[in-house]
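What follows is a single structure, written as structure tokens, with notes after it.
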Amino acid sequence: MKQLVIISGKGGTGKTTIAGSFSYLARDATVADCDVEAPNLHMLMETEDILREDFIGARVAEIDSKKCTRCGLCQEACRFDAIQDFNVNGLACEGCGTCSAVCPEGAVTMKDELTGWNYVSLGEGGRVFSHARLEIGAEGSGKLVTRVRKKALEYDRKDELVIIDGSPGIGCAVIASITGCDAALLVTEPTCSGLEDLKRALSVCDHFGIRAFVCINKYDLNEGMAEEIQNYCLQKGYKMAGRVPYDEKVLEALKAKKPVVLYSGSPAAGAIRKMYKMITGLLEEDGHVNSDS
Amino acid sequence: MKICITSSGKEMGSAVDLRFGRCKYFCIYDTESRETKVLENAGAYSQGGAGIAAAQQVVDEGVEVLITGNLGPNAMRVLKAAGVKAYRTEETDVARAVMMYEAGQLQPIESPVSAHHGMQNKRGDK
Amino acid sequence: MLISVLSGKGGTGKTTVAVNLAVLLKNACYVDCDVEEPNGHIFLNPVYSKSERVEVMVPAIVKEKCSGCGECVRFCYFNALALVKGKVLLFPEVCHGCGGCIHVCTQNAVTEDKKDIGRIDTGVGGGLECIRGVLEIGEPVGVPIIKKMKAGLREDRTNILDCPPGSSCTVVGAIQGSSYAVLVTEPTNFGLHDLEIAVRLVKKLGIPAGVVINRSGEGDERIEEYCNTEGIPVLGRIPFARGIAEVYSEGGLLAEDARYSKYFEEIAHRLEEVLSREAACYYKR
């Protein structure tokens, strides 16, 4: 079993386009969309839900107005400014329970909070697709990501490859997406922001000991910058997975809700296929090394 | 002596869960009474700090030997402080892991993997 | 005044809109709240004159006083404490700094220490004040940085908040208290889908909003139709042009590029219009 996560420090670099294509190419792989705040991968896959679960990802304080004497102790103790005028602001509450601990009247209780939904769907040939949706503004996105990955492994049938579409950034959702993965593919673009964010995403991979590959998407939009990114990777010892050219077919595929690798003659599709072969090849090699040792 | 094995099921024939903090069950095998007790890992669904909560649970059960796949640094700190010895196993089932331990075939876990290796995440994951 | 620039989806041009608006609007201050990946400085090139650390509180156990009762360990929702052989072990990186352990301790054995999670840089660039928050690698939660940054803003300025992508609590932390939200999207399926998420978010928080369509062209109608049904104005459009992508990739300011400045001037103008209308509504209430 290998887990490959596709991430990008910066959003909109084409992470899901590549994840969608990889998913198409690895027909037997289980797929997990861990971008729970703005999931998109389902749009590129025809699937049928077989499981829908409520996700209790947090708890929130509740004040019983009948018991409350308005002493204000809870308000004073709350570090998150979540209690105002003896009402709890659910969006600010972190669920720590301090208010409940300090209330002399037992008027504050902690209630479980629904923070999202997770789904397992089956696609073509019975391939497993695990995904989720975080309630707007909710806490616990990292925890929901963990649930999505857990469900993916639970329903996985082939025990070969799990492809994970990660979330942007470097915070807890990303940490939850990449931990325990065998490799991370970082998708970037040839812009100053692209490089800057790539550096931060790479250091997260290093921090958690994940092997990182770099892909420069739309590299020909600024070849000088692409070169700079490539040099940076070379210098720091990160392996380049490939360069994908700018290609109008990508947008066309997106509009048709299809993975771009379906378009023959598309230069981007060719590059993505090549990259896929290289990465899965390397992951397989790893597997042999492990089983020998 | 009590041996704890992280497990994906409730039987001695269940596969060892190689994650520690977010493993499903703890199988606790008593070498004297030859009895097994199965506990759900309270840390599995915790709001972060899963390794710490799981280690606390194992320590509270009076376990002396832990068999698992990988340990994060936080869990390791708790186990070390409590004097619990941890051993690493490859994919196998619970009963065989115990046999291998008794035959002296398992290596002690000396250094932790990076935190979150078993895919738990850090804080209350916001 | 706070104006949030956000998008459910990343990479739609949020930072592009935010920095260029900040340059065009009068008396503006650019605030980069995308603490996980702050990027605005690439375009504004500020010289940071001040850097301030952001700290959160974590508990410290006074060993002499601790009775090893485990009350604090059982209380901690985040598992930041453990009890082994009558001693409390502390895991600051898991701690949320709620301070609850101090309250539940029966021996007064819990005090607090500070923990560094990132920094706030302040400086001047592109002719305006620029502030950015930077989260340390490996630290999962940037909300305290955002809160601190917002607390230090001047009310008499038009503060443009460049928000993080997504819809989680970090974004809520950034946009809360805003007078207006500018939602940046693109005319694709992904763009529309994520715009819907952003709209739900601002509606939940009761913040009035307008939309900017980036990479505008084919597919705009669907976004416009959606905005119509939601009663949200389209503030402007930025066309899909290779030249724009090039200026962006070099870290240039489009508002200062003769070819493209008009698009941003239009957005700024429309924004000022809707803001004065919102303000009028506000005073009527």
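Chains as they are written, first to last, in this note's numbering: chain A, 457 to 749; chain B, 90 to 215; chain C, -10 to 274.
Ideal Cβ placement from N, Cα and C applies to all residues, glycine included.
With 16 other CB atoms within 10 Å as the buried threshold, where does residue i fall?
i: V(-6) (chain C); result: buried
i: S479 (chain A); result: buried
i: P560 (chain A); result: exposed
i: E118 (chain C); result: buried
i: I506 (chain A); result: exposed
i: V36 (chain C); result: exposed
i: V543 (chain A); result: The question names Val, but residue 543 (chain A) is Asn in the sequence shown. Answer is exposed; the Cβ neighbour count stays below 16.
i: A629 (chain A); result: buried
i: A192 (chain B); result: exposed
i: Q196 (chain B); result: exposed
i: K607 (chain A); result: buried
i: M457 (chain A); result: exposed
i: Q540 (chain A); result: exposed
i: S649 (chain A); result: buried
i: R274 (chain C); result: At R274 (chain C) the pLDDT is 45, less than 50, meaning the model places this residue with poor confidence; the figure from the coordinates comes in the next sentence. Burial call: exposed.
i: K711 (chain A); result: exposed
Nearest CA to the CA of residue i: which residue from the options?
i: A131 (chain B); options: B:T120, B:C112 and B:S122; result: B:C112
i: S577 (chain A); options: A:Q531, A:D703, A:D662 and A:E502; result: A:E502
i: L33 (chain C); options: C:H92, C:G232, C:G115 and C:A187; result: C:G115
i: E185 (chain C); options: C:Q96, C:I212, C:S238 and C:S168; result: C:I212
i: E60 (chain C); options: C:V47, C:M46, C:E53 and C:G75; result: C:G75
i: Y237 (chain C); options: A:D568, A:E645, A:L570 and A:L590; result: A:E645
i: M681 (chain A); options: C:A170, C:G199 and C:G240; result: C:G240
i: Q165 (chain C); options: A:A514, A:A548 and A:R729; result: A:A548
i: I117 (chain B); options: B:N163, B:R108, B:V127 and B:F109; result: B:V127
i: D21 (chain C); options: C:A69, C:K(-2) and C:A163; result: C:A163
i: A697 (chain A); options: A:S464, A:I672, A:V706 and A:N678; result: A:I672
i: K137 (chain C); options: C:S40, C:A11 and C:E267; result: C:S40
i: L690 (chain A); options: A:V670, A:E509 and A:E708; result: A:V670
i: Y688 (chain A); options: A:G476, A:M566, A:L617 and A:E652; result: A:E652
i: S265 (chain C); options: C:E210, C:V99, C:G208 and C:Y169; result: C:Y169
i: I92 (chain B); options: B:A143, B:V187 and B:E199; result: B:V187
i: G572 (chain A); options: A:G596, A:V564, A:R667 and A:A563; result: A:G596
So which residues on chain B does residue i lean against when the C-beta distance must stay under 7 Å?
i: V73 (chain C); result: V148, V167, A170 and A171
Mapping the DSSP letters down to three states, classify residue i as helix, strand or coil.
i: R274 (chain C); result: Residue placement at R274 (chain C) is flagged as unreliable, the pLDDT there being 45, under the threshold of 50; a coordinate-derived value is accordingly withheld.
i: N68 (chain C); result: coil
i: Q686 (chain A); result: helix
i: T218 (chain C); result: helix
i: C93 (chain B); result: strand
i: I512 (chain A); result: strand
i: K3 (chain C); result: helix
i: P162 (chain B); result: helix
i: D621 (chain A); result: strand
i: T779 (chain A); result: The displayed coordinates of chain A run from 457 to 749. Any statement about residue 779 (chain A) would go beyond what the structure contains.
i: I592 (chain A); result: coil
i: N16 (chain C); result: coil
i: K(-2) (chain C); result: coil
i: V113 (chain C); result: strand
i: K54 (chain C); result: coil
i: E610 (chain A); result: helix
i: T736 (chain A); result: helix
i: N178 (chain C); result: helix
i: T565 (chain A); result: strand
i: V83 (chain C); result: helix
So which residues of chain C does residue i contact, with C-beta pairs closer than 7 Å?
i: V141 (chain B); result: The question names Val, yet the displayed sequence has Ile at residue 141 (chain B). Simply N68, A71, F80 and V83.
i: E493 (chain A); result: G155, S156 and S157
i: G151 (chain B); result: The contacting residues do not exist; G151 (chain B) stays about 12 Å from chain C at best.
i: C628 (chain A); result: P129 and V130
Output, in chain order, the set of chain A residues within a Cβ distance shorter than 7 Å of residue i.
i: V62 (chain C); result: Neighbours of V62 (chain C) on chain A: none; closest Cβ ~13 Å, over 7 Å.
i: R93 (chain C); result: First, the residue type needs correcting, since residue 93 (chain C) is Val and not Arg in the sequence shown. Within chain A, the residues near V93 (chain C) are A557.
Taking C-beta pairs closer than 8 Å, name the residues in chain C that residue i reaches, listed in chain order.
i: I619 (chain A); result: Simply none; closest approach about 18 Å.
i: N159 (chain B); result: The contacting residues do not exist; N159 (chain B) stays about 18 Å from chain C at best.
i: A231 (chain B); result: Chain B is shown only over 90 to 215; residue 231 (chain B) falls outside these bounds and no answer can be derived.
i: L677 (chain A); result: R231, A234, E235 and S238
i: D653 (chain A); result: E26 and N28
For a contact defined as C-beta to C-beta under 9 Å, what are the partners of residue i on chain C?
i: S135 (chain B); result: Y66, F67 and N68
i: N130 (chain B); result: None at all; the shortest Cβ gap to chain C is about 12 Å.
i: G636 (chain A); result: In chain order: nothing, as chain C lies at least about 16 Å away.
Can you round the beta-carbon distance between residue i and residue j to whole angstroms, since I take them to be within the 8 Å contact cut?
i: A184 (chain B); j: G102 (chain B); result: 6 Å
i: G476 (chain A); j: L460 (chain A); result: G476 (chain A) to L460 (chain A), Cβ: 14 Å. No contact.
So which residues on chain A does residue i lean against when the C-beta distance must stay under 9 Å?
i: L190 (chain C); result: I592 and G593
Note to self: Beta carbons nearer than 9 Å to chain F: which residues of the stretch 97 to 129 of chain C have them?
What the structure shows: Considering every chain present, this structure includes no chain F. Its protein chains are A, B and C.
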